[in-house]
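Peer 1: Quick one: the structure is below, questions incoming.
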Amino acid sequence: MSDDLRQRQQLLKIGTARAGRAPAPPAAPLDTLLPQAEAETTLWLSLGALDLWERSGFLPSAGPASPTPDPAPPEHLRPCPPRAEAVLALLLRGVHPAALQSEWLRLLLRHGGHLPARFLPRLFDTATRQPALRAQLLPVIGERGQWLARLHADWSWATAANADDGEAAWDTGMPEQRLAALRAWRTRDPHAARAALEAAWKSEAPEQRAALLPALGVKLGLADETFLEAALDDRRKEVRSAAQRLLASLPGSQLGRRMLARLLPLLRVEKPWLGKARIELTLPEACDAAMRRDGIGASAHQGMGEKAGWVVDMLAAVDPNAWCRQFERSPRDCLLLAESSEFAAVLVRGWALAALRQAQRDDASPEVQDWLQALALWWIGSAGELSKAVPDALFDLIAAGFHDNTGGASLALLAAYPDNWPQDADLVYLLHRLADKAQDGWTPALTQGFLRLLKAMRPAFLKPGNPWLARLLLPAFAKVADPASVAAVEAEWRAGIAPDSEWRAPIDHFFDLVRLRHEMILSFQEPA
Numbered sequence: 001m002s003d004d005l006r007q008r009q010q011l012l013k014i015g016t017a018r019a020g021r022a023p024a025p026p027a028a029p030l031d032t033l034l035p036q037a038e039a040e041t042t043l044w045l046s047l048g049a050l051d052l053w054e055r056s057g058f059l060p061s062a063g064p065a066s067p068t069p070d071p072a073p074p075e076h077l078r079p080c081p082p083r084a085e086a087v088l089a090l091l092l093r094g095v096h097p098a099a100l101q102s103e104w105l106r107l108l109l110r111h112g113g114h115l116p117a118r119f120l121p122r123l124f125d126t127a128t129r130q131p132a133l134r135a136q137l138l139p140v141i142g143e144r145g146q147w148l149a150r151l152h153a154d155w156s157w158a159t160a161a162n163a164d165d166g167e168a169a170w171d172t173g174m175p176e177q178r179l180a181a182l183r184a185w186r187t188r189d190p191h192a193a194r195a196a197l198e199a200a201w202k203s204e205a206p207e208q209r210a211a212l213l214p215a216l217g218v219k220l221g222l223a224d225e226t227f228l229e230a231a232l233d234d235r236r237k238e239v240r241s242a243a244q245r246l247l248a249s250l251p252g253s254q255l256g257r258r259m260l261a262r263l264l265p266l267l268r269v270e271k272p273w274l275g276k277a278r279i280e281l282t283l284p285e286a287c288d289a290a291m292r293r294d295g296i297g298a299s300a301h302q303g304m305g306e307k308a309g310w311v312v313d314m315l316a317a318v319d320p321n322a323w324c325r326q327f328e329r330s331p332r333d334c335l336l337l338a339e340s341s342e343f344a345a346v347l348v349r350g351w352a353l354a355a356l357r358q359a360q361r362d363d364a365s366p367e368v369q370d371w372l373q374a375l376a377l378w379w380i381g382s383a384g385e386l387s388k389a390v391p392d393a394l395f396d397l398i399a400a401g402f403h404d405n406t407g408g409a410s411l412a413l414l415a416a417y418p419d420n421w422p423q424d425a426d427l428v429y430l431l432h433r434l435a436d437k438a439q440d441g442w443t444p445a446l447t448q449g450f451l452r453l454l455k456a457m458r459p460a461f462l463k464p465g466n467p468w469l470a471r472l473l474l475p476a477f478a479k480v481a482d483p484a485s486v487a488a489v490e491a492e493w494r495a496g497i498a499p500d501s502e503w504r505a506p507i508d509h510f511f512d513l514v515r516l517r518h519e520m521i522l523s524f525q526e527p528a
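Heads up, the sequence shown is in our numbering, so the first residue is 1 and it goes up one at a time.
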């Protein structure tokens with residue numbers, strides 16, 4: 001900053017009236033460019049002119065010359081079709097839901113293509129802020145994307161996840177790179193990855209141990225049990241908690257067997273002469289050190305007493321299929337047994353958490369899917385406070401795989417909805433969750449099933465003051481609906497809705513969004 005500019009800034013702070021003098025005109029050639037004006041105006045104009053003059057003439061100091069990077073290797077993926085590239089440019093304007101960007105990336109992956117280079121910086125920045133996008137972005141960044149990520153420190157997560165030399169990234173990378181490298185290593189060779197973590201374990205900082213241990217959840221197996229059992233005695237609470245969660249999700253683990261042994265004396269089936277069979281539960285008297293080591297009592301459960309919470313913790317660590325064998329009943333019948341119990345909410349919450357843990361495994365069994373289905377159907381038919389026993393995260397998991405409709409489970413869930421479902425806010429929000437949390441587009445059969453539910457509630461839809469239903473459900477449904485199935489009902493839906501109706505805007509938006517998705521799907525069917 002020049003002395004002239006510094007003096008004028010000081011004069012601005014003091015004020016021309018207090019200083020008792022007007023600012024001197026700036027030096028040539030700026031003096032000829034400023035108009036004749038009052039002192040205050042001259043001061044402001046001269047400050048702006050001097051600042052612009054100095055910035056425009058600034059020369060950065062000469063530093064060491066940076067080496068020119070090697071060019072990016074040739075692409076091995078197909079180029080993106082021009083029409084699809086134009087659709088992505090439209091989506092990146094931020095006008096449309098971000099979920100459409102995820103769907104576009106999935107379509108590009110199925111096409112076998114790579115991202116156009118001009119979009120790489122924008123999407124790398126987005127995925128840096130939103131890590132959930134990385135799994136869909138990484139497979140399509142191509143050679144140019146990997147090359148570019150290596151030149152920018154903020155995008156190092158992309159190089160770690162795609163590095164051929166995972167061992168080098170594990171040894172020398174930043175914390176985020178090491179975690180990504182360990183997870184990728186577990187995918188390729190789980191035993192070698194665990195051995196590497198064991199070798200470095202004592203030298204890792206406590207917070208790093210807590211961050212790295214959950215990576216063993218990738219291809220978790222009984223071979224990992226000994227290491228995880230030792231981690232139960234770690235001085236860091238977060239490390240112990242991570243080990244407890246992993247062992248609780250591992251079928252056949254010693255922790256699971258210990259929990260089952262504690263529970264069996266507490267649970268029994270009562271079969272009265274009159275009335276329904278039910279499960280009787282005796283609450284434990286105390287929580288000893290061995291129970292606390294296994295994670296019992298680590299956190300409270302809202303709406304439940306301390307001892308009831310201990311039972312939930314124990315149930316959550318036992319494979320729920322163990323109770324089908326113990327009671328010789330299906331998951332649905334186990335829930336009916338629990339429903340008549342004094343501690344129904346405790347039993348349902350524990351089983352739901354156990355099913356959720358098992359379903360998140362890489363090798364989740366079909367029997368666990370039966371538990372998820374049974375819990376969802378039971379929840380739809382339950383009433384009052386008891387329905388709160390099922391955690392929201394379970395429905396997020398169901399929504400993520402809803403498009404698969406495995407064994408007709410998704411259609412069965414829609415068919416279980418009662419006729420008066422629009423009057424139940426929880427059921428309305430479940431429909432919204434199933435669409436909003438979906439990981440892929442729905443099949444025609446699922447779309448038609450959802451449309452049948454919406455058709456049944458058209459009288460409620462069209463009542464004055466109820467457009468919130470449309471504004472909640474239709475945008476989420478538009479992101480997953482099969483476009484051809486929606487096009488088949490468009491004329492019927494629009495019939496009878498006046499141009500000035502409060503329903504017109506949300507319905508127009510719904511069909512516009514579905515048409516945009518249809519255009520996006522078709523854009524990948526043209527040659528690149």
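Heads up, the beta-carbon is just placed ideally off N, CA and C, and yes, glycines get one too.
Would you mind reading off the limits of the beta strand (DSSP E) that contains Ile497?
Peer 2: Per DSSP, Ile497 belongs to no beta strand (DSSP E) and is neither H nor E.
Peer 1: Locate the alpha helix (DSSP H) running through Arg194, then write down its first and last residues.
Peer 2: It spans 190-200 - the alpha helix (DSSP H) in which Arg194 sits, taken as one unbroken run.
Peer 1: So what's Leu522 in DSSP terms, helix, strand or just coil?
Peer 2: Correct three-state label for Leu522: helix.
Peer 1: Glu280 lies in the beta strand (DSSP E); which residues open and close that run?
Peer 2: Its beta strand (DSSP E) spans residues 278-281.
Peer 1: In its own chain, which residues sit with a C-beta less than 7 Å from the C-beta of Asn162, not counting the 5 before and 5 after it?
Peer 2: Confidence at Asn162 is low in this model, with a pLDDT of 49, below 50, so the placement of that residue should be treated as unreliable; the coordinate-derived value is given next. Here the set comprises Leu138, Gln146.
Peer 1: Give the range of the beta strand (DSSP E) segment to which Val269 is assigned.
Peer 2: Start and end: 267-270.
Peer 1: Based on the DSSP output, what are the partners of Gly113 in its beta bridges?
Peer 2: Gly113 pairs with Arg78.
Peer 1: Grab the span of the alpha helix (DSSP H) containing Gln326 for me, first residue to last.
Peer 2: Per DSSP, Gln326 belongs to the alpha helix (DSSP H) from 321-327.
Peer 1: Quick check on Lys237: does DSSP put it in helix, strand or coil?
Peer 2: The answer is helix: DSSP assigns Lys237 an H, G or I state.
Peer 1: Asp313 and Ala354 - do their beta-carbons sit closer together than 8 Å?
Peer 2: No, they are not a contact pair.
Peer 1: Is Val489 closer than 8 Å to Leu451 when the C-beta atoms are compared?
Peer 2: Closer than 8 Å, so yes.
Peer 1: Output the boundary residues of the alpha helix (DSSP H) element that contains Met174.
Peer 2: Note, Met174: premise wrong, no alpha helix (DSSP H); not H, not E.
Peer 1: Assign Thr68 to one of two classes, buried (16 or more other C-beta atoms within 10 Å of its C-beta) or exposed (fewer than that).
Peer 2: So Thr68 counts as exposed.
Peer 1: Do you know offhand how far Leu283's Cα is from Trp310's?
Peer 2: Approximately 8 Å between the Cα atoms of the pair.
Peer 1: With a threshold of 16 other CB atoms inside 10 Å of the CB of Thr41, please say whether the residue is buried or exposed.
Peer 2: Thr41 should be labelled exposed.
Peer 1: Which word fits Trp468, buried or exposed, when buried means at least 16 other C-beta atoms lie within 10 angstroms of its C-beta?
Peer 2: Counting Cβ neighbours within 10 Å, Trp468 comes out exposed, since fewer than 16 surround it.
Peer 1: How should Gly275 be labelled, buried or exposed, when 16 other C-beta atoms within 10 angstroms of its C-beta is the threshold for buried?
Peer 2: Exposed is the call here.
Peer 1: Express the C-alpha separation of Pro73 and Trp155 in angstroms, rounding to a whole number.
Peer 2: The straight-line gap from Cα to Cα measures roughly 19 Å.
Peer 1: How long is the line joining the alpha carbons of Asp581 and Leu446, rounded to whole angstroms?
Peer 2: Residue 581 lies beyond the range of the chain shown here (1 to 528); nothing can be said about it.
Peer 1: If you reduce the DSSP assignment to three classes, tell me which class Phe343 lands in.
Peer 2: Coil at Phe343, not helix or strand.
Peer 1: Is Leu413 buried or exposed, if buried means 16 or more other CB atoms sit within 10 Å of its CB?
Peer 2: Result: buried.
Peer 1: Check Met314 in the structure and name its three-state DSSP category.
Peer 2: Residue state, collapsed to three classes: helix.
Peer 1: Please name the residue, chosen from Ser501, Glu492, Gln439, Ala481, that lies closest to Leu105 on a Cα-to-Cα basis.
Peer 2: Among Ser501, Glu492, Gln439, Ala481, the Cα nearest to that of Leu105 belongs to Gln439.
Peer 1: Can you have a look at Asn420 and say buried or exposed, based on whether 16 or more other CB atoms are within 10 angstroms of its CB?
Peer 2: Burial call: exposed.
Peer 1: Is DSSP giving Pro214 helix, strand or coil here?
Peer 2: Helix, per DSSP.
Peer 1: Buried or exposed, going by whether 16 or more other CB atoms sit within 10 Å of the CB of Ser66?
Peer 2: Exposed.
Peer 1: I think Ala389 touches Ala352, with their Cβ atoms under 8 Å apart; what is that distance to the nearest whole Å?
Peer 2: Yes, they are in contact, since the Cβ atoms of Ala389 and Ala352 sit about 7 Å apart, within 8 Å.
Peer 1: What does the alpha-carbon distance come out to for the pair Arg262 and Ala289?
Peer 2: Their backbone Cα atoms lie some 14 Å apart in a straight line.
Peer 1: Within its chain, find whatever has a CB closer than 6 Å to the CB of Leu394; leave out the 5 residues flanking it on each side and keep chain order.
Peer 2: If we look at Leu394 and ignore the five residues flanking it on each side, its Cβ neighbours are Ala352, Leu356.
Peer 1: Closest by CA to Ala196, which one among Glu167, Gly221, Lys219?
Peer 2: Ranking the options by Cα distance to Ala196, first place goes to Glu167.
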